[in-house]
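Numbering (our numbering), first residue to last: 303 to 493.
Written as structure tokens, this is what we have:
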């Protein structure tokens, strides 16, 4: 299989799971959990060269097969996530493991476009004190001792040309955030 990032194709392999409820892992490599089992009727695929230790979670790619007897010459556009809808705002899902107030983990849903999220800052909205989060795995970002109060995010989007752009969502994560809840960021990134 070949993958397209702007104009450069790279060779890769993919795994195809015809029913993700029976194959793969419970949470998926990107950390989307059961949310991903509803994608495309549960038909999912993965390619390690695109996944890139989780940096590829949420990015869009055009895929072309190298053996035409198995694939269409036109290719197909895929998103390396368990779900990615066009025209959806980036959504933050607080990970179920965040029931302890001294630990926060979340997954970024509905990332679109051709850019990777390479860093995330979590900031107090009152004094804008920020801390850099750790990428636990896939699209899961974590921190010990999260700031108190309503929380703001800053996400660093990077592309293959080395251009970095910080995006600050218009909506905050509320002070009373809860494990398992989702919060709409109010922003879309389509490039």
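Ideal placement from N, C-alpha and C gives every residue a C-beta, glycine not left out.
Problem - Segment contact, 8 Å Cβ cut-off, at least three pairs: the segment 437-446 with the segment 459-470 - result: no
Handout entry: Reduced DSSP category for residue 426 - H, G, I as helix; E, B as strand; rest coil
Key = Mapped onto the chain shown, residue 426 falls at position 124. Note: residue 426 maps to strand in three-state DSSP.
Exercise for the section: Run the CB neighbour count on residue 404, radius 10 Å, all protein chains shown included, and call it buried at 16 or more, exposed below. Expected result: Residue mapping note: residue 404 aligns to position 102 of the chain shown, counting from 1. Exposed, since its Cβ has fewer than 16 Cβ neighbours within 10 Å.
Practice task
Measure the Cβ-Cβ separation of residue 449 and residue 475 and say whether it is below 8 Å.
Solution key: Residue mapping note: residue 449 aligns to position 147 of the chain shown, counting from 1. Residue mapping note: residue 475 aligns to position 173 of the chain shown, counting from 1. For residue 449 and residue 475, no; Cβs fall outside 8 Å.
Problem - Buried versus exposed, by CB contacts within 10 Å (16 or more), residue 430 - result: Within the chain shown, the letter at position 128 stands for residue 430. Burial call: exposed.
Handout entry: Top-ranked residue by Cα proximity to residue 471, from 456, 408, 484 and 482
Key = In the chain shown, the residue the question calls residue 471 occupies position 169. Selected option, being the one with the closest Cα: 456.
Handout entry: Selection from 427, 417 and 436 that minimises the alpha carbon distance to residue 408
Key = The sequence position of residue 408 within the chain shown is 106, counting from 1. Measuring from the Cα of residue 408, the nearest candidate turns out to be 436.
Practice task
Measuring alpha carbon to alpha carbon, tell me which of 371, 397, 454 and 396 ends up nearest residue 424.
Solution key: For this step, residue 424 is matched to residue 122 along the chain shown. Considering only alpha carbons, the answer is 454.
Exercise for the section: Apply the 10 Å Cβ neighbour rule to residue 477 and answer buried if 16 or more other Cβ atoms are within range, or exposed otherwise. Expected result: Within the chain shown, numbered from 1, the residue matching residue 477 stands at position 175. With fewer than 16 Cβ atoms within 10 Å of its Cβ, residue 477 is classed as exposed.
Practice task
Check whether the Cβ atoms of residue 411 and residue 433 lie closer than 8 Å to each other.
Solution key: Along the chain shown, read from residue 1 onward, the residue named residue 411 stands at position 109. Along the chain shown, read from residue 1 onward, the residue named residue 433 stands at position 131. Taking 8 Å as the Cβ cut-off, residue 411 and residue 433 do not qualify as a contacting pair.
Problem - Rounded separation between residue 383 and residue 490 - CA only - result: Working through the chain shown from its first residue, we reach residue 383 at position 81. Working through the chain shown from its first residue, we reach residue 490 at position 188. For residue 383, the predicted structure reports a pLDDT of 49, less than 50, and the residue's modelled location is therefore unreliable. A value from the coordinates is still provided. Spanning the two alpha carbons is a distance of roughly 16 Å.
Problem - Inter-residue Cα distance where the pair is residue 487 and residue 371 - result: Locating residue 487 in the chain shown gives position 185, where the first residue counts as 1. Locating residue 371 in the chain shown gives position 69, where the first residue counts as 1. When rounded, the distance between both Cα atoms is 43 Å.
Problem - Nearest neighbour of residue 427, chosen from 417, 481, 473 and 480 [CA to CA] - result: Residue numbering aside, residue 427 sits at position 125 when the chain shown is read from its first letter. With distances taken between Cα atoms, residue 427 lies closest to 473.
Handout entry: Start and end residues, beta strand (DSSP E) containing residue 410
Key = The residue you call residue 410 lines up with position 108 of the chain shown. Per DSSP, residue 410 belongs to the beta strand (DSSP E) from 405-411.
Problem - Three-state secondary structure (DSSP) of residue 460 - result: In the chain shown, counting from the first residue as 1, residue 460 sits at position 158. Correct three-state label for residue 460: strand.
Exercise for the section: Compute the beta-carbon to beta-carbon distance between residue 537 and residue 467, rounded to the nearest angstrom, for a pair I have assumed lies under 8 Å. Expected result: Nothing about residue 537 can be read from this structure; the chain reaches only from 303 to 493.
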